[in-house]
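Following: one structure in structure tokens, then a few remarks.
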Amino acid sequence: MKTLLNTTLTVEDICQGFVYNEYEGKGLFGLSGKLTIQPEYQRNYIYADGKKDVAVIDSLLKGYPLGLIYFTKVAEDKFEVLDGQQRITSFGRFITGKFAIKGSNGIPQYFSGLAEDLKEKILKSPLTIYECEGTESEIKEWFKTINIVGVPLNEQELSNAIHSGPFVTLAKEEFSNSQNANIQKWSAYVSGSAIRQDYLKTALEWVSKGNIDAYMSKHRYDDNINELKAYFNSVIDWISSVFTDVESEMKGLPWGELYEKYHKNAYNPQTVSSKLKELYSDFSVKDRKGVYEYILGGYVDTKLLNIRIFDDRVKKVVYTKQSEEAKEKGVSNCPLCALGNDNNKSRIYKITEMDADHVTAWSNGGSTDIENCQMLCKTHNRAKGNK
Ligand SMILES: [Zn+2]
């Protein structure tokens with residue numbers, strides 16, 4: 123790969139013909155049409171938070187360098203921004219009046235309202251640009267390894283870069299577009315942000331059963347995302363038809379896996395709903411996220427619920443009572459050992475050698491209170507837990 127250092131361009135040069143697309147949230151072109159600011163493999167503009175974008179302008183006003191910017195040369199006199207898109211879009215948006223900075227008196231100041239010398243200072247700021255020439259895979263490999271100033275690319279943004287093409291473009295249009303009205307509905311079950319590719323990542327994870335890169339590579343040149351969309355919608359529809367309630371714990375569950383495992387079973391949404399409410403109001407249930415698979419699996423695997431254990435005070439009281447009674451009778455203080463015929467029949471365990479157990483299991487209606495607590499030796503408690 124060839125690289126050429128170019129220090130002759132200024133902010134003003136780059137901003138010639140600057141186009142920002144508010145709808146897509148992308149800086150599109152600059153440098154009199156010779157520069158594509160947001161190639162397909164770039165993420166959306168995420169500096170528009172009134173902090174990072176303002177910081178870019180502050181840096182220019184103070185004469186601080188903006189850091190290295192990388193262009194790739196795609197044709198004679200045609201460039202794409204490889205790294206620096208966020209910074210370029212920030213000053214481009216400022217100069218075209220898209221946002222204001224805070225003036226010395228605290229009043230918002232747009233570019234057009236700045237004193238002439240300050241305008242000049244920004245426009246004449248020199249940039250340090252590396253122009254790179256190489257094959258697509260060379261450039262993308264490099265893009266993957268350079269340290270992006272500010273917010274590092276996340277995993278999905280990297281995958282988008284590596285597998286850029288028509289499939290990624292279409293997939294981003296559907297899943298990374300905060301204007302998509304469906305996002306609201308999806309956000310009940312999917313966590314993260316559309317703009318940082320979390321919805322796309324989830325959709326890909328579900329359809330590929332976790333093999334995102336393999337899937338993206340296979341479909342890279344597809345001109346449609348039918349399968350991705352259909353699968354995602356099937357999962358979403360399935361969740362909302364089984365669970366008619368929307369609870370905050372549903373967000374970010376591994377719904378793709380749950381769908382694969384359980385979607386062939388029939389559920390009565392009314393039963394599910396009342397069971398859900400019951401479990402949510404049960405003090406013993408510590409893990410509400412586990413409630414969903416517990417229900418889907420037919421109310422069997424109580425481990426999913428992380429049933430509340432007895433606290434130390436209760437354990438101590440029960441231990442003392444059990445031990446005193448056992449000593450009187452000359453048997454073990456583990457009631458199950460006491461029933462046996464081996465050496466442990468009359469063994470008195472220390473409290474540290476025992477665990478608390480629900481006499482009546484939680485799944486059979488037993489509660490987590492002192493009346494339903496017994497201390498067992500660790501061996502017996504484990505054996506009981508495995509039943
Ligand atoms: Zn025992």
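Residues 123 to 509 (the working numbering) are what the sequence shown spells out, left to right. Each residue gets a CB set at the ideal place from its N, CA and C atoms; glycine is no exception.
Contact under 8 Å by Cβ, residue i with residue j
i	j	result
V357	W328	yes
A325	L350	yes
C254	L190	no
V481	G487	no
R430	K408	yes
L249	T132	yes
G412	N390	no
I159	T194	no
N503	D479	yes
I244	L182	yes
G152	G139	yes
I334	L292	no
V394	A310	no
R209	V178	yes
R215	Y142	yes
I217	C137	yes
R318	N282	no
C456	Y441	no
L515	L418	Limits of the chain in this structure are 123 at one end and 509 at the other, which puts residue 515 out of reach.
S468	S485	no
H285	R342	yes
E475	K451	no
L157	F221	no
Y167	K184	no
A439	I492	Checking the sequence, you will find Val at residue 439 rather than Ala. Taking 8 Å as the Cβ cut-off, V439 and I492 qualify as a contacting pair.
S313	K373	yes
T490	F432	yes
D477	L498	yes
M123	G228	no
Three-state secondary structure assigned by DSSP to residue i
i	result
M123	coil
H385	coil
C456	coil
I191	strand
S466	Reading off the sequence shown, one finds Asn at residue 466, where the question assumed Ser. In the structure shown, N466 sits in a helix (DSSP, three-state: H, G or I).
A316	coil
Q444	helix
D180	helix
F405	coil
D515	Past the boundaries of the shown model lies residue 515; the chain is included only from 123 to 509, so the question cannot be answered.
T474	helix
F365	coil
Q231	strand
Y167	coil
K294	helix
F151	strand
N282	helix
S258	The sequence shown places Glu at residue 258, not Ser. DSSP places E258 in helix when its eight states are reduced to three.
V271	Low per-residue confidence applies at V271: pLDDT is 45, beneath 50, and the placement is therefore not dependable, though the value from the model is reported in the following sentence. DSSP places V271 in coil when its eight states are reduced to three.
Y337	helix
F201	strand
E134	helix
S300	coil
P71	In the structure as shown, the chain starts at 123 and stops at 509, and residue 71 therefore has no counterpart that could be examined.
N390	coil
E144	coil
Y186	coil
Q208	helix
Q160	coil
V220	The sequence given here has Lys at residue 220, not Val. Coil at K220, not helix or strand.
I244	helix
Y416	helix
Y252	strand
V439	helix
N276	coil
V422	coil
L380	helix
L427	helix
Notebook entry, point to check: Pick out every residue whose C-beta is nearer than 7 Å to a heavy atom of ligand 1: which are they, in chain order?
Noted result: S454, C456, L458, C459, N466, L498, C499, T501, H502
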